[in-house]
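Here the structure is laid out as structure tokens; the discussion comes afterwards.
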Amino acid sequence: VQLQASGGGLVQAGGSLRLSCAVPGSILSINDMAWYRQAPGKQRELVAALTSGGRTTYTDSMKGRFTISRDNAKNSVYLQMNSLKPEDTAVYYCNTAPPHPRYWGQGTLVTVSS
6 VQLQASGGGL
16 VQAGGSLRLS
26 CAVPGSILSI
36 NDMAWYRQAP
46 GKQRELVAAL
56 TSGGRTTYTD
66 SMKGRFTISR
76 DNAKNSVYLQ
86 MNSLKPEDTA
96 VYYCNTAPPH
106 PRYWGQGTLV
116 TVSS
């Protein structure tokens, strides 16, 4: 199984994007979920995580700008990204939360121009 993220694109600094991820119900119903990203030349990093109970955690640089959410009825996980910066340029992936994400997909490219 691969989780496919979508919604990426080119946006100017200060703009917003909403990423989506379709997650099979069998996975979403029993897992905490997360978004990750990998910028060019850098290691993949955690962006945000969301427990099945609704608790969220964010990497410091994303706090106040990004919001992770899930809709179990639509089998989807979302990442709302506001006030985007050029340093947010990366491929974004959804997956199960740390410590053992298991369903890497192709990701969706977000490019933020200055």
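According to our numbering, the residues represented by the sequence shown are 6 to 119, in order.
Glycine is no exception: its CB is placed at the ideal position from the N, C-alpha and C atoms.
Which residue comes first and which comes last in the beta strand (DSSP E) that contains residue i?
i, result
"L22", "22-27"
Just the Cα atoms here: how many angstroms apart are residue i and residue j?
i, j, result
"S81", "S119", "30 Å"
"S34", "D76", "10 Å"
"K68", "S31", "29 Å"
"S149", "A78", "In the structure displayed, the chain extends from 6 to 119; residue 149 sits before or after that span and is not available."
"Q9", "G46", "22 Å"
"D93", "V117", "7 Å"
Name the residue from the options whose alpha carbon lies nearest to the alpha carbon of residue i.
i, options, result
"D37", "Q48, G13, H105", "H105"
"Y63", "P91, V28, Y41, G20", "Y41"
Since residue i is in the alpha helix (DSSP H), which residue starts that stretch and which ends it?
i, result
"L33", "30-33"
Residue i by DSSP, collapsed to three states: which one?
i, result
"N77", "helix"
"S66", "helix"
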